[in-house]
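Beneath this line is the structure, given in structure tokens, with notes to follow.
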Amino acid sequence: MALFGTQRDVSLFRHMSRELMSDIITEQCAYYKYKLEETKINLYGEAAGEKFYMGPVLLNTLVERTDNVYPETDLGTDYDKEIQFSFLRDDLLGAGKEFNKFDNKGNSYTGLPGTGYGADLVPDVGDIIMYNEGYYEVHGVVANQYFVGKNPDYPNNVNTINKPNGPGDLSAYGSSISIICKAHYVQADKLGLTQARYV
Amino acid sequence: MADQKTPRPKTQREILLQTSSQQTYIPPRGAPGFSQTVNPNLDGVGPDGVNNRGNHVSFRDDKTKPFALGLKENDEAIVYYMENVIKPTVMQNGVEQKVPIYYGSPERWAQVQKEGFYRDLKGKIMMPVITYKRVSVEKNRSIANKIDANYPNNVQLFQKPYNVKNQYDNFNILNNRIPKKESYAVVMPDYVTLTYDFIISTYYVEQMNKIVEAMNYASDSYWGNKERFQFNARIDSYATTVELVTAGNRLVKTSFSLKLNGYLIPDTIQKELSSVKKLSNATQLIFNMETVSQIPETKTSPDPRLSIHSNNNPASFVDKV
Numbered sequence: 004m005a006l007f008g009t010q011r012d013v014s015l016f017r018h019m020s021r022e023l024m025s026d027i028i029t030e031q032c033a034y035y036k037y038k039l040e041e042t043k044i045n046l047y048g049e050a051a052g053e054k055f056y057m058g059p060v061l062l063n064t065l066v067e068r069t070d071n072v073y074p075e076t077d078l079g080t081d082y083d084k085e086i087q088f089s090f091l092r093d094d095l096l097g098a099g100k101e102f103n104k105f106d107n108k109g110n111s112y113t114g115l116p117g118t119g120y121g122a123d124l125v126p127d128v129g130d131i132i133m134y135n136e137g138y139y140e141v142h143g144v145v146a147n148q149y150f151v152g153k154n155p156d157y158p159n160n161v162n163t164i165n166k167p168n169g170p171g172d173l174s175a176y177g178s179s180i181s182i183i184c185k186a187h188y189v190q191a192d193k194l195g196l197t198q199a200r201y202v
Numbered sequence: 006m007a008d009q010k011t012p013r014p015k016t017q018r019e020i021l022l023q024t025s026s027q028q029t030y031i032p033p034r035g036a037p038g039f040s041q042t043v044n045p046n047l048d049g050v051g052p053d054g055v056n057n058r059g060n061h062v063s064f065r066d067d068k069t070k071p072f073a074l075g076l077k078e079n080d081e082a083i084v085y086y087m088e089n090v091i092k093p094t095v096m097q098n099g100v101e102q103k104v105p106i107y108y109g110s111p112e113r114w115a116q117v118q119k120e121g122f123y124r125d126l127k128g129k130i131m132m133p134v135i136t137y138k139r140v141s142v143e144k145n146r147s148i149a150n151k152i153d154a155n156y157p158n159n160v161q162l163f164q165k166p167y168n169v170k171n172q173y174d175n176f177n178i179l180n181n182r183i184p185k186k187e188s189y190a191v192v193m194p195d196y197v198t199l200t201y202d203f204i205i206s207t208y209y210v211e212q213m214n215k216i217v218e219a220m221n222y223a224s225d226s227y228w229g230n231k232e233r234f235q236f237n238a239r240i241d242s243y244a245t246t247v248e249l250v251t252a253g254n255r256l257v258k259t260s261f262s263l264k265l266n267g268y269l270i271p272d273t274i275q276k277e278l279s280s281v282k283k284l285s286n287a288t289q290l291i292f293n294m295e296t297v298s299q300i301p302e303t304k305t306s307p308d309p310r311l312s313i314h315s316n317n318n319p320a321s322f323v324d325k326v
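Just so you know, the protein sequences line up as chains A and B, in that order.
Numbering-wise (the working numbering), the first sequence opens with residue 4 and increments by one.
Numbering-wise (the working numbering), the second sequence opens with residue 6 and increments by one.
Shown next as structure tokens:
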């Protein structure tokens with residue numbers, strides 16, 4: 004039976020993280036996901052015609068920027084940049100769950116009744132993130148920061164002590180804290196989100 | 006101080022005479038059209054060493070300049086044909102997009118700041134683009150060749166149909182004037198095979214297909230500006246790859262080599278000194294008015310001429326006493 008990392012502890016960390024990210028650091032990005040049904044692909048697996056997106060969803064994030072690089076390629080001096088966006092997992096998932104509902108006590112962006120955290124957004128490879136007028140394509144998603152080393156989604160209750168809904172239910176301990184998206188710069192005109200060419 | 010002389014730049018003739026490797030152009034006797042032709046760079050001095058002012062020709066105020074054709078003209082022919090004839094386009098985000106072409110590896114400031122129209126806000130190159138580079142110049146001796154670079158006697162004459170002295174006007178015909186014809190002698194070019202490496206980069210294979218189809222259709226034809234130069238261009242094969250790196254963008258690339266049958270006429274001092282550039286045919290003789298004291302001349306005078314007038318004004322005549 005686990006002794007530490009109860010949901011009360013997790014809630015403390017969640018509130019502190021949200022306060023830190025939304026009120027103190029306040030770095031934001033816009034998250035685009037493809038509309039898979041509407042975006043058609045051709046024989047080569049590419050959407051050469053049109054692309055359709057959901058969003059954008061404005062999210063609080065911690066941004067870890069790398070230096071701009073200007074590699075010399077066959078085409079000339081190019082530009083590239085890699086960025087790591089870290090999200091609080093509860094900001095993205097768990098829409099409608101109790102811990103994501105606003106309490107109308109100022110712990111929200113708007114404080115409107117019926118609203119809450121949880122963008123209902125599952126980050127995946129290929130998604131687009133807009134940050135500082137630049138678009139970045141996600142090429143890696145990492146979600147392996149577990150509070151007290153436990154992921155409540157996988158309780159693995161096998162013995163009677165830890166049986167579900169009991170005092171030792173492992174699904175009530177620990178938390179998956181973050182989702183980290185590793186992304187690289189992508190040309191705006193490829194995405195067709197904004198006009199990038201004028202000639 | 007008295008012996009000090011101010012340096013004086015040497016004339017072209019002086020430079021020529023002190024350069025032993027440069028021989029004056031002496032046309033073979035009896036050669037058609039060249040029997041009395043001399044090098045205009047020699048200030049009208051003929052093969053016999055006699056100064057003939059009739060051979061003084063100049064390119065001053067002449068719209069036809071001494072002919073030269075370099076590698077740049079060959080390179081420009083490709084860009085002209087791509088931009089004005091092939092005009093490759095792709096469909097991008099529902100809009101027909103012109104594909105820019107540029108010579109590979111320009112200066113950094115030029116490509117980032119001056120030619121930044123194919124870059125986005127952050128400076129990343131936007132596809133599709135076509136880049137090309139000249140990678141080799143190979144001499145083609147199967148067509149023709151000069152005998153010796155120091156004696157480029159192998160020339161071709163191009164006659165200018167009309168000039169200042171021979172205008173397109175019926176007045177000359179009515180007055181039975183023989184038109185003055187000007188000809189330009191152009192040395193035999195060096196025929197070369199130029200090889201260019203092309204890289205076409207696009208976002209999508211579908212876009213690439215369209216460009217390759219257009220390039221393939223234009224292969225084996227004469228590329229260049231019709232008003233200037235055209236060269237036969239051939240493309241044999243295309244290699245297409247799709248690059249997908251871990252932390253990078255997907256890029257479709259096609260590379261191919263283009264062989265251009267070009268030619269070169271360099272603008273060198275060697276050619277300038279040893280080749281004929283311009284010549285005219287003899288068409289008219291102009292005599293100024295001369296007067297004598299009596300006709301027929303009965304008096305034996307050592308100088309029967311009174312004076313020579315050039316302004317043709319009889320009032321200005323002065324009889325010699």
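The beta-carbon is built from N, C-alpha and C at its ideal position, and this holds for glycine as well.
Nearest C-alpha to residue 27 of chain A among A:63, A:56, A:57 and A:15: A:63. Going by C-alpha positions, residue 122 of chain B is about 21 Å away from residue 139 of chain A. In this structure, residue 185 of chain A places its C-beta atom within 8 Å of the C-beta atom of residue 142 of chain A.
In terms of beta-carbon proximity, residue 187 of chain A lines the interface with chain B, with at least one pair separated by less than 8 Å. Annotation for residue 195 of chain B: the continuous beta strand (DSSP E) segment containing it runs 195 to 207. Take residue 182 of chain A, set aside five residues on each side of it, and the residues of its chain with a beta-carbon closer than 7 Å to its own are 90, 92, 95, 126, 144 and 146, in chain order. Below 8 Å, enough C-beta pairs join the region 189 to 198 of chain B and the region 133 to 153 of chain B to call them touching: three or more.
Looking at the backbone, the Cα of residue 124 of chain B and that of residue 134 of chain A are separated by about 18 Å. Nearest to residue 195 of chain A by C-alpha distance, out of B:110, B:132, B:163 and B:104, is B:132.
Here residue 17 of chain A is buried. Its C-beta has 16 or more other C-beta atoms within 10 Å. Residue 263 of chain B is bridged by DSSP to B:201 and B:240. Annotation note: the region 113 to 168 of chain B contains no uninterrupted alpha helix (DSSP H) run of length 4 or greater.
Judged by DSSP in its simplified three-state form, residue 87 of chain A adopts strand.
Collapsing the DSSP output to three states places residue 35 of chain A in a strand.
Per DSSP, reduced to three states, the secondary structure at residue 68 of chain A is strand. Among the residues of chain A, none has a CB under 7 Å from the CB of residue 200 of chain B; the nearest is roughly 16 Å distant. For residue 73 of chain B, the closest alpha carbon among the candidates B:296, B:294, B:269 and B:295 is that of B:269. With its beta carbon at least 8 Å from every one in chain A, residue 140 of chain B lies outside the interface. Under DSSP, residue 229 of chain B shares a beta bridge with B:235.
Against chain B, the CB of residue 190 of chain A has a partner CB under 8 Å away; the residue lies at that interface.
Shown here, residue 73 of chain B sits in coil according to DSSP, grouped into three states, outside any helix or strand. Leaving aside the five residues that flank residue 205 of chain B on each side, the residues in its chain whose CB is nearer than 6 Å to its CB run, in chain order, 135, 216 and 259. From the beta-carbon of residue 118 of chain B, no residue of chain A is found nearer than 7 Å; the closest lies around 11 Å away. Measuring C-alpha to C-alpha distances from residue 225 of chain B to each of B:79, B:177, B:265 and B:81 identifies B:265 as the nearest.
Judged by DSSP secondary structure, residue 222 of chain B falls within the alpha helix (DSSP H) whose first and last residues are 210 to 223. Neighbours of residue 53 of chain A in chain B, taken as residues whose beta carbon is under 8 Å from its own, are 98 and 99 in chain order. Where residue 131 of chain A is concerned, the enclosing beta strand (DSSP E) starts and stops at 131 to 134.
Using a CB distance below 9 Å, the part of the region 55 to 88 of chain A facing chain B consists of 71, 73, 75, 76, 77, 78, 79, 80, 81, 82, 83, 84 and 85, ordered along the chain. Contact between residue 174 of chain B and residue 262 of chain B fails: their C-beta atoms lie close to 52 Å from each other, not under 8 Å.
Inclusion of residue 35 of chain A and residue 123 of chain A in the CB contact set at 8 Å is not warranted, their separation being larger than that value. Annotation for residue 82 of chain A: 71, 72, 73 and 188 place their beta carbon closer than 8 Å to its own, counting only its chain and skipping 5 residues before and after. In this structure, the alpha-carbon of residue 41 of chain A lies about 19 Å from that of residue 96 of chain B.
Counting of Cβ neighbours within 10 angstroms places residue 231 of chain B among the exposed residues, the total staying below 16. A residue is called buried when at least 16 other Cβ atoms come within 10 angstroms of its Cβ; residue 178 of chain B does not meet this threshold and is exposed.
Any Cβ of chain A closer than 8 Å to the Cβ of residue 246 of chain B would place that residue at the interface, and such an atom is absent. Using a Cβ-Cβ cut-off of 7 Å, residue 125 of chain B is close to 190, 191, 192 and 199 of chain A, given in chain order.
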